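Everything on this sheet refers to the single structure shown next.
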Amino acid sequence: MSFPDSSVLQDFPATLNHRNATIFITLSADDSAQQAIQDLIDTRFQLKDRVSAPLKGMENDLFAKSQPLDSLKPKLRVTFGRSKRDGSFDWPVEEVINTLGAQKRGAPVASLYGFGYRKSALGLIQEFFIFTQMLDGYLNGLEWLKQERDIQSLISASFKLLHCLHDKGVVHMDFWANNVMVNLEQPTLAKAIDLENCFLTPSDFLSEVLAFQFGFFYRREIFRFVIEEDYDLMVMDELDNYAGVDRERFDEVYAASKHENISRRARREIFHKGIVVTS
Numbered sequence: 465m466s467f468p469d470s471s472v473l474q475d476f477p478a479t480l481n482h483r484n485a486t487i488f489i490t491l492s493a494d495d496s497a498q499q500a501i502q503d504l505i506d507t508r509f510q511l512k513d514r515v516s517a518p519l520k521g522m523e524n525d526l527f528a529k530s531q532p533l534d535s536l537k538p539k540l541r542v543t544f545g546r547s548k549r550d551g552s553f554d555w556p557v558e559e560v561i562n563t564l565g566a567q568k569r570g571a572p573v574a575s576l577y578g579f580g581y582r583k584s585a586l587g588l589i590q591e592f593f594i595f596t597q598m599l600d601g602y603l604n605g606l607e608w609l610k611q612e613r614d615i616q617s618l619i620s621a622s623f624k625l626l627h628c629l630h631d632k633g634v635v636h637m638d639f640w641a642n643n644v645m646v647n648l649e650q651p652t653l654a655k656a657i658d659l660e661n662c663f664l665t666p667s668d669f670l671s672e673v674l675a676f677q678f679g680f681f682y683r684r685e686i687f688r689f690v691i692e693e694d695y696d697l698m699v700m701d702e703l704d705n706y707a708g709v710d711r712e713r714f715d716e717v718y719a720a721s722k723h724e725n726i727s728r729r730a731r732r733e734i735f736h737k738g739i740v741v742t743s
């Protein structure tokens, strides 16, 4: 594999080879980790669906993602380290780069343990694996809400997390309740997951980016638990923590993001150009 950012591999010096799979990890895997990873690889010869679950045999340590590449173009791009036309990489590559970058900045995210791939007989990558820290003692926002039924606390913890990510230069463009992991013992603390749709560079359109993030957070399930006017008041209070927000530019994108579908490609337009395209 030709990784687009070769420096990433320096942080994963150990290699685990099994069948036609290669996994790069931070440290030499102990016996249980190695066996669990091998077992996962073995099962992937029969399955074609995406996996996102605790690594079997290591439920308290690692979380595994497995994504088959189902067409020739992504297989070629990932194998040879190529980007898409819009400059982005396929999601597993983006997630590795963004998670490691956020982790190095001290952002509150699940740590990256390793990643790798499985190749076909032709030498093309046909499946990508990502292994992250298992966040024991955390629940995703919606699961936490089912237990505690405290929407105000969830929104407050999520807004605090979002601000912390911005402070670390991490712009999460898929920020919703299921990507917020709430600490069960200290609910005001949270960590972000699923960073494949993120940016690690500043945007010239902070007002529009924040408008999308707050609007999207409401649209993805939170609208079911809070009156819109009450949510708007919490957002307006939170904006005081950000410098240089243009309210006119914010309001236009915020209104659209709360009620319209905005694709992942369109989110890149918000970040790069401040333009919102709904579908």
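Under my numbering, think of the first position of the sequence shown as 465, with each following residue one higher. Glycine is no exception: its CB is placed at the ideal position from the N, C-alpha and C atoms. Here the structure is a predicted model, which means the values were calculated and not measured.
Status (buried if at least 16 other CB within 10 Å, exposed otherwise) for residue i
i	result
Thr507	exposed
Lys722	buried
Arg728	exposed
Asp554	buried
Phe680	buried
Thr652	exposed
Ala517	exposed
Ile726	buried
Arg731	buried
Length of the line joining the Cα atoms of residue i and residue j
i	j	result
Ser620	His482	45 angstroms
Val644	Leu626	9 angstroms
Ile615	Glu693	14 angstroms
Lys537	Glu591	13 angstroms
Ile739	Glu733	6 angstroms
Ala478	Gln498	12 angstroms
Leu533	Gly587	13 angstroms
Thr742	Asp513	29 angstroms
Gly633	Asp668	13 angstroms
Asp503	Phe595	14 angstroms
Glu612	Ser584	47 angstroms
Met698	Arg711	15 angstroms
Option nearest residue i by Cα separation, candidates the options
i	options	result
Lys735	Leu670, Glu712, Thr652	One detail in the question is off: residue 735 reads as Phe in this sequence, not Lys. The shortest Cα separation from Phe735 among Leu670, Glu712, Thr652 belongs to Leu670.
Ala574	Leu536, Leu526, Trp555	Leu526
Leu609	Ser516, Leu648, Asp696	Leu648
Glu724	Asp710, Leu576, Arg684	Arg684
Lys548	Pro468, Arg569, Thr596	Pro468
Met700	Phe544, Ala719, Phe689	Ala719
Ile686	Glu716, Leu606, Ala528	Leu606
Asp600	Cys628, Tyr577, Leu629, Val646	Val646
Reduced DSSP secondary structure (H/G/I, E/B, other) of residue i
i	result
Tyr602	strand
Leu576	strand
Ile739	coil
Pro556	helix
Gln499	helix
Tyr581	strand
Ala517	strand
Gln597	strand
Glu612	helix
Thr543	helix
Pro538	helix
Under 8 angstroms between C-beta atoms of residue i and residue j
i	j	result
Leu542	Val557	First, the residue type needs correcting, since residue 542 is Val and not Leu in the sequence shown. Yes, these two residues count as a Cβ contact at 8 angstroms.
Glu660	Arg713	no
Lys539	Ile489	no
Glu702	Phe639	no
Leu564	Val635	no
Ala500	Leu480	no
Leu618	Ala641	yes
Tyr695	Tyr706	no
Gly580	Ile487	yes
Ser530	Phe593	yes
Arg405	Ile505	Summary: the structure shown does not reach residue 405, with the chain confined to residues 465 through 743, and so no result is reported for it.
Pro572	Ala654	yes
Ser466	Gly545	yes
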